[in-house]
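To get my numbering, take the position in the sequence shown, counting from 1, and add 402.
Report on one structure; see the data block that follows.
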Amino acid sequence: MQLNDLKDQLTTKTRDFLARGKHRMLIGGQWVEAAGGQTLAVINPASEAVIATVAAGQPADVDAAVAAARKAFESGPWSRMKPAERERLLLRLADLMEQNARTLAEIESLDNGKSAAIAQAVDVGLSVSYLRYMAGWATKIEGSTVDVSVPFMPNAEFVNYTRREPVGVVAAIVAWNFPLLLACWKLGPALATGCTVVLKPAEQTPLSALFLGELIQEAGYPAGVVNVVTGDGIAAGAPLTRHPGVNKITFTGSTEVGKLIGKAAMDNMARVTLELGGKSPVIVLEDCDPAVAAAGAAQAIYFNQGQVCCAGSRLYVHKKNFDRVVADLADQARALKIGHGLDPLAQMGPLVSQEQMERVCSYIDIGRQQGGEVVTGGGRATDIGYFVQPTVMTRVDQKARVVQEEIFGPVVVAMPYDDLDQVAAWANDTPYGLGASIWSNDLSKVHRLIPKIKAGTVWVNCHNLLDPAMPFGGYKQSGFGKEMGRAALDGYLEQKSVFMAV
Ligand code: NAD
């Protein structure tokens, strides 16, 4: 089905949103153009057509957004709001998102290329459940009382306690692979704890954040509590990370940019959370049914076109079953129906941009040049649209670039192994440590392997699963700090010690 044939099926709200053509950004409760009037084109990756323009934020816009967030944090209704009111506002926002789930999913699909049906279930569904989870924490932020024994004042009496306080103005900068969900990973804990936010979506996928900004206003958030600055990394992102008015930077994106942001944060002693890249192993033990392993491996790498930070992009299969699993996986890859995200039958959409498509294809070429064999796939899938064939590559060396570096597309490298120690060593042998999955019902081996894996999440007989209550974050160069779970709140709270002589 052609994309144009499906336009009539869009919700009225999606059509109205797109019909505006030119989108402004949200600063201090006002929808404004960039200070100098600059704009950026938004491209549908399935058709390569420009579907909108957004304001291209500049340093002056960042200054205005940080000032608005500061004002909302220091004075006005938000600064006086009780935790239960913050809880109610988050719940109201989650309800509005649920009511607009299809529209959000369609906007995400047209902007990013992903399946609208999956975006509705996963991206919007997880965002809504995460905001509700975080709403519950707003009323459960606690300090503790401490009995002290000051050694050099044995006869004095004190009352001591700790309080948790919001860190202040949060700069939230996110990647394009799950635009709405990544924004909500930042907004949930920031708003539950009483912080204010300047959100900068990725330049490739700014639209869902702008629609979310409208829902935030509809929910009743005071002006300046959430500001959305669209624009690229250099003109809008970097000035935000260097801004002295920012108390915390929370970033999801590449390790390369994460390192720059970590350094910028240190200059202002801003708190920082970095959710970065990955090269996650899928480890298939000897006992695992090859058909189960192949289905699991396909889901682990091809979900969201492989543009997943914890995608299972390295497949290690016990040598006994290696050929069978690779053959089954290749069959599954060949069977995936390629199509645009509004087509309900499509299973593999386009990559987000021409740049990303070219990057992924160039990695496939590098793999070939370094001796890899392409079992299936191997390049661009269509003349129009940024579609890449689901690819399986074998005969690669552990040190090959396609094994060591994040490709961030539908490309998996498969390697056979002999024993548990060897596969544990290979699983850990990249700079990353975001996720890993183990496929087996041999409990003893699974439990021996889990502590050896240096990754923030280990899945067993599943991959890429997330839940609001489970902390998510990286070891090694996959970043530091946690999203989700109770642990996420720590990144948005300071701890104050109160020492009172009585
Ligand atoms: P990217 O680092 O190029 O860009 C991410 C964001 O940073 C964008 O909003 C961009 O505009 C901004 N940015 C770019 N340069 C900047 C600078 N100098 N200063 C400030 N901001 C800047 O990453 P990407 O290509 O958009 O996203 C893909 C990467 O994100 C992959 O490496 C992927 O693994 C990672 N990712 C990680 C997680 C996680 O939770 N660990 C989740 C999703 C994606």
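The C-beta atom is built at its ideal place from N, Cα and C for all residues, glycine as well.
Would the beta-carbon of E808 fall within 8 Å of that of Y788?
-> Cβ distance not < 8 Å, so E808 and Y788 don't count as in contact.
A537 versus E500: straight-line alpha-carbon distance, rounded | 15 Å
Straight-line Cα distance separating G779 from P692 = Near 21 Å, if we compare the C-alpha coordinates of G779 and P692.
Flag this pair as yes or no: are the beta carbons of P373 and G876 separated by less than 8 Å?
-> Residue 373 falls outside the range modelled here, since the chain spans only 403 to 904, and no answer is possible.
Are the stretch 585-602 and the stretch 558-577 touching, with three or more C-beta to C-beta distances below 8 Å?
-> yes
Just how far apart, CA to CA, sit S481 and A471?
-> 11 Å
As assigned by DSSP and simplified to three states, the class of P683 | strand
When every heavy atom of the ligand NAD is checked, does at least one fall within less than 7 Å of the C-beta of C711?
-> yes
Taking G858 as the reference, which of S880, I840, C864 and P870 has the closest Cα?
-> S880
With burial defined as no fewer than 16 other Cβ atoms inside 10 Å of the residue's Cβ, what is the status of N866: buried or exposed?
-> buried
Exposed or buried, F874, counting other C-beta atoms within 10 Å across all chains shown (16 or more means buried)?
-> buried
Only counting runs of 4 or more residues, tell me where the alpha helix (DSSP H) segments fall wholly within the stretch 789-862, in order along the chain.
-> 803-806, 822-830 and 845-851
Helix, strand or coil at S715 according to DSSP, with G and I counted as helix | strand
Run of the beta strand (DSSP E) containing L442, from where it starts to where it stops | Its beta strand (DSSP E) spans residues T441 to I445.
Rounded separation between T654 and L676 - CA only | 6 Å
From this set, L533, E620, R426 and W433, which residue's C-alpha is nearest R888's C-alpha?
-> Checking every option, the nearest Cα to that of R888 belongs to L533.
Between the stretch 414-430 and the stretch 457-469, are three or more C-beta pairs nearer than 8 Å?
-> Yes: at least three Cβ pairs fall under 8 Å.
Touch test, the stretch 628-647 against the stretch 449-462, Cβ-Cβ under 8 Å, three pairs minimum = yes
Alpha carbon to alpha carbon, how far is E605 from F580?
-> Rounded to whole angstroms, E605 to F580 spans 13 Å at the Cα level.
Select from E435, Q824, L612 and V904 the residue whose C-alpha is nearest the C-alpha of H720.
-> Q824
Measure the alpha-carbon distance for Q440 versus F810 and round it to whole angstroms.
-> Approximately 30 Å between the Cα atoms of the pair.
Please classify P752: does DSSP put it in a helix, a strand, or coil?
-> coil
Residue range of the alpha helix (DSSP H) that A611 falls in?
-> Residues L609 to A621.
Does the Cβ of P752 lie closer than 7 Å to at least one heavy atom of the ligand NAD?
-> No, since every heavy atom of the ligand NAD falls outside the 7 Å radius drawn around the Cβ of P752.
Near the ligand ZN: K484 beta-carbon under 7 Å from a heavy atom = Questions concerning the ligand ZN fall outside what the structure shown contains, since the ligands it does hold are the ligand NAD.
Is the beta carbon of V848 sitting closer than 8 Å to the one on I855?
-> Going by C-beta atoms, V848 is not nearer than 8 Å to I855.
Closest by C-alpha distance to M872, when choosing among C864, E885 and V862 = Closest by alpha carbon: E885.
Identify every residue that forms a DSSP beta bridge with E775.
-> T796
L836: CB within 7 Å of a non-hydrogen atom of the ligand NAD | yes
Looking only at its own chain, which residues have a Cβ that is under 6 Å from the Cβ of I852, when we skip the five neighbours before and after it?
-> V860
Is M902 closer than 8 Å to N562 when the C-beta atoms are compared?
-> yes
Would you say the beta carbon of P479 comes nearer than 7 Å to a heavy atom of the ligand NAD?
-> no
Please go through the same chain and pick out, in chain order, the residues whose beta-carbon is closer than 8 Å to the beta-carbon of H645, but skip the five residues on each side of it.
-> V464, D465, V468, A573 and N670
Exposure label - G714; buried when at least 16 CB within 10 Å = buried
Report yes if the C-beta distance between A697 and Q734 is below 8 Å; otherwise report no.
-> yes
Whole-Å CB distance - Q771 paired with G781, under 8 Å assumed | At roughly 14 Å, the Cβ-Cβ gap does not stay under 8 Å, so Q771 and G781 are not in contact.
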